[in-house]
Structures are given as structure tokens and as C-alpha cells.
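Below: the structure, in C-alpha cells.
Residue numbers (my numbering): 1 to 591.
Right, dumping it as C-alpha cells:
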């Protein structure tokens, strides 16, 4: 039941009424979704949509009907838009200079190249942006007879436009007039973001530009205006409807740390490219952990911004209530700088234009970590232990206060989020003939959701947002911490890469924590905190920790991320590990 609430705070637009909902935690039931792969998946994928009542059976079997019996939802208003905007906003963007950026020492073990390394190499004349792109072309191009293994992470590279951007940057450096720290630095975007001159497949065989000229999305424009060089579009899980990046259409990039594991999805190609050192950062999208899960699996950094914070206009689906664009990066400095560039307010976007210009946090911050223990403890023991070691360091060495918190309806919230994002997904792609067998099943099941069920899901959203508002007002500076995923990676099963795979049980398990930020609109950062022994193949696999902050608190989460980077590089036994096949782009460019 709900307890008395605090007044909604000043300084926000559309803030939920802070209300504590005292609903005891209940562990989710064991999932019993059928697991399909290989030829059975291939044939059943075509049959399920056409067999009467079968999609409805699968919908009920997945647990989507559970909200109909929840008395807690009685007399609760549905909330369809999770956008909460801090106001007022400063007028001018911050001028980022290299001397203000926090980078790891060159001697740090397992160090990845970052944007300041590129900047320094360009400034000294050791390499040029042209050298960099010519080094990258043999690695990332698909349109050659002898493709590199790295090329699976990419869908398309337009060499002419890449060379034009690199030539322009090289000239600015030669003339002593670089645009800033990003000038000449390579990056890539996920294959669901519009870029002028490129097709957009969203992981399918179908070109969603329909052969028409499209404009470049605002977030990409901002990076290009800062001089960054777009080198291509990255592979993704087909229409973003799973978390492995298994893609029988474009191929499946294999985890940089262990080729027997998935990269995670749906921004898996971007995570692979960053994790292998090919680029220092990329733009992904996150509707159900699709930036954070692959960042976790590939041992890199990811940020899911507040809902509405980053403008993606123009875009294919303009009104989803769960999905945002955000950066994946090799280091915290790359995450910070790329976020500040792509999050510039867009005057043509109603939500984005109301957000503050992103600025580095200069005022003192309260360091408070909240842990919902019963939920946190749902993670595998090895993941719990790895994350807890980092939390202990934050408390003992960096002055963080640890508080117990609870979040109501976590399982119901996950199911409500799943219903919502699936409904939004089928609205964006109602044509089942365009997708592979696994997604034919997913979309057929999504179509069963009724207006009543969708409304109940938005009531759950309102309850959880109200409760989060209560927690943020009760504990100023609060960061709610969870493992990024309860599992340490996702091993590839036999025969899964040819026809795809449908495993709703592991998918639900994999998304145990990430859905919260998407459904409620809060920002969330993920960073690696250690490595554990793989259960398949050779090598260790990364484990990530996530921090959920109050709406608009990205700057505080970035500070938290820097603390996490310090833990991994200075305190975790062995420090950061680079993948065996990590690509030394700067070194290759010098040669």
C-alpha cells in the first residue's frame, strides 16, 4: 500500500509524486518458455503466427497475464511517458579541453587507447586522421573478398564519406585549427540510427530507408560537428528484440574475451568494435539494456541517459516510451566526452530542448549507494561477490554511504516493461515477413497484448516511478546499484548461429535489472568491475556493475563511473584485461 508522500520537488518538470509503496518483495517464478534453435526454430517460426490461439498460449505462458490479478493496481493512474526534465538549464555548452579530462596513466595495465591519445598523436603529427581510417578499412569492410573477422561487427562503411571527413580533419590539424578533442577520432553508430548516405537495416534484410535520402540523426550530427569521423554502421540483434546479438542475417560477432560467448545485444556490434579497440566509442540504443548488456559482456563502459535527454530525430520510430540512444566507450573519458557531445539539446525535439546543456559536475556531491538486497541477491554468486567487492571499496575508501532500499513490483515491472517494449516494437515493425524465425514468434506473441493489459502495465510504471521519486527525495544523491546482469556472460549453444535462437528464459533472466531504467526513464551507467572464469571456452569474462540515478543525474553517474574505473584499474587483482585480439589502431596507424 502507499504511504503519505512528499511534495514533488521544485526544479523538475513532470516529476512523479514521491510516494512510498510498501509492497513486499516476491521472487519471480521459474520461467517455462520453450527454447527453440536450429531447424525446429526455422519451421516453427513460420508456423506460430498462422496457428490460431498458439500466440495467445505463448503469451499467457510467458506470464504476461499476471497484472490482471494485481489488486495493487486498482485506482492507480497509468503513466505512458517516463520523461522527467530538470530545469532550469544553462545557455552555453562547456568547452571541453584535454587538460580537464581524467585519463588513466600510460602505464596502467590493460589500458585501451582513448580520445586524448588520438588527440595527442594528431597534435604531435605522429599520425593523421587519414592514417587512422586507412588502417581501419581492411578491418571493418564487408565489401571485400577476404573479410577480416572484425568485419562481422559492421554492416556498412561508405569509404568516400569516411575519407572526406578524415581529409577535412587532417587539414584542420595541419592548419593548426582542430575543432576540439574529438576532431579526427573514429566512431561508429548502431544500425538503427539514421545517417545521410547510408542505408538502415535494423539487423534485417530490409532497407528501412526504402532507397530514399534520409537526414542524419541529431546525436550523430553533434559528434560530426565536433570533428569525429564516422567510420560505419554496426551490426545489431535483428530489430533489437533480444539481448545476445545472435544475427543469422548479418552474422554474429563473437565476444572479444571469449569466442564461445555472445557479445550481448542489441548493440552487440558496437560493443565488439569498442571492446576490441577498433574505435574508442560508438552510439547505441537502449530499450531494454541494449547499451548496458553488451557493454557488460564486452568489458566496456555504457550509459543509458534519462528518457528524452538525447535527441535521435530524425528516427524511424518517433514515440517509443522505453528506448533512448547512448554511448558505449572503452574508457570513462570516452564515455564522458561522447555523452556531452551527443546530448546537446535539440531545438526541434520537444523533450531534448528542455534539458540542460551537459556540464561536468563541479559542486560537491553526496555519495549514497542504495541496495535492494533481496533483488541484488538474485544474481549468480560469482557475480554478487565481484560486484560486492567494488561496493566495499566505494564504502571503505571513497566515502560512499550504503543504505537499504526496496523497489516494489520488480517482477511485475519487468513483465510490464516487456509488454510495453514488445507492443512498441510490433507497432514499428508489423510486417512479420521481414524478420527471421525467432522474431516472427516474438512479434506474433506481442500482437496478443490487449489495450487493457498495456494500460495495466503503465499503472505499474507509475507506481515504480512514484516510489523511486520517494527514494531520491529521502536520500539525496542516491544511486541504486545492481549487477548489470545476474549472469556472467551468455555462452553460445550448439547450432545457434545458423538459424538463430529463441530462449525467453535466459533472456528474462538476463534482463533482471536493466529494464528498470528503461521503464522509469532514469539514467543508468554500467562499468566493468572484474573478470571471472568462463564456463565454456578459454579466458575470463567480464562482470559489470550498474548505477541508477535520479532523472537528469548523468553528471553524477559519470563521477560514479570514474570511481568504478579507479577500482578496476587500481584495486581489482590483476587490473583491467585487454582481449587477446585487441587491435592497436594507433600503433598500426604509425606504421
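No residue lacks a Cβ here, since even glycine has one placed at the ideal position from N, Cα and C.
- In the DSSP assignment, residue 39 falls within the unbroken alpha helix (DSSP H) covering 38-47.
- Distance from the Cα of residue 564 is smallest, within the candidate group 395, 170 and 452, for 395.
- Taken through DSSP and simplified to helix, strand or coil, residue 190 comes out as strand.
- Between residue 407 and residue 21, the C-beta gap is not smaller than 7 Å, which leaves the two residues out of contact.
- The C-beta separation of residue 581 from residue 256 comes to about 7 Å, placing the pair in contact by the 8 Å criterion.
- Taking C-beta separations shorter than 7 Å and ignoring five residues to either side along the sequence, the partners of residue 197 in its chain run 158 and 161, following chain order.
- In the three-state reduction of the DSSP assignment, residue 304 falls in the strand class, which pools E and B.
- With a beta-carbon spacing of about 19 Å, residue 156 and residue 435 fall beyond the 8 Å limit used to define contacts.
- Within the same chain, and ignoring the five residues on either side of residue 402 in sequence, the residues whose Cβ sits closer than 6 Å to its Cβ are 369 and 395.
- Counting only residues of its own chain and dropping the five nearest sequence neighbours on each side, residue 373 has a CB closer than 7 Å to the CB of 404.
- Inter-residue distance for residue 333 and residue 54 is about 49 Å (C-alpha atoms, whole angstroms).
- When C-alpha distances from residue 205 are compared across 382, 223, 250 and 418, the shortest belongs to 250.
- If you look at residue 480, you'll find it in the beta strand (DSSP E) that goes 478-483.
- Taking 8 Å as the upper bound for CB-CB distance, residue 342 and residue 223 are in contact here, some 6 Å apart.
- Under the three-pair Cβ rule at 8 Å, the region 441-459 does not count as touching the region 531-544.
- Non-local C-beta neighbours of residue 127 in its own chain, meaning closer than 7 Å and more than five positions away in sequence, comprise 121, 586, 589 and 590, ordered along the chain.
- About 6 Å separates the beta carbons of residue 276 and residue 579, which is inside the 8 Å limit, making them a contact pair.
- Counting of Cβ neighbours within 10 angstroms places residue 366 among the exposed residues, the total staying below 16.
- Counting the other Cβ atoms within 10 Å of the Cβ of residue 438 gives 16 or more, which makes it buried.
- For the set 258, 112, 246 and 188, the Cα lying nearest the Cα of residue 232 is the one of 188.
- The criterion of a C-beta distance shorter than 7 Å is satisfied by residue 346 and residue 353.
- When only Cα atoms are considered, residue 132 and residue 48 end up about 48 Å apart.
- The Cβ-Cβ distance between residue 263 and residue 305 does not fall below 7 Å.
- Selection 58, 113, 489 and 519 evaluated against residue 468 yields 519 as nearest (Cα-Cα).
- In this model, residue 536 and residue 568 are separated by some 24 Å (Cα to Cα).
- Under the Cβ criterion (8 Å, minimum of three pairs), the region 495-511 does not count as touching the region 539-547.
- The region 109-120 makes contact with the region 267-281, as at least three CB pairs between them are under 8 Å.
- Around the CB of residue 498, fewer than 16 other CB atoms lie within 10 Å, so the residue is classed as exposed.
- Here residue 400 is buried: its Cβ has 16 or more other Cβ atoms, across all protein chains shown, within 10 Å.
- DSSP lists 402 and 479 as the bridge partner or partners of residue 369.
- By a beta-carbon distance limit of 8 Å, residue 71 does not contact residue 193. Their separation comes to about 42 Å.
- Residue pairing by DSSP places residue 12 opposite 86 in a beta bridge.
- Counting every other CB atom within 10 Å of its CB across the protein chains shown gives residue 362 a total below 16, marking it as exposed.
- Residues 336 of the same chain have their beta carbon placed closer than 6 Å to that of residue 558, with the five preceding and five following residues left out of the count.
- Ranked by Cα distance from residue 40, the options 441, 199, 527 and 447 are led by 441.
- Within the model, the alpha-carbon separation for residue 142 versus residue 190 is close to 16 Å.
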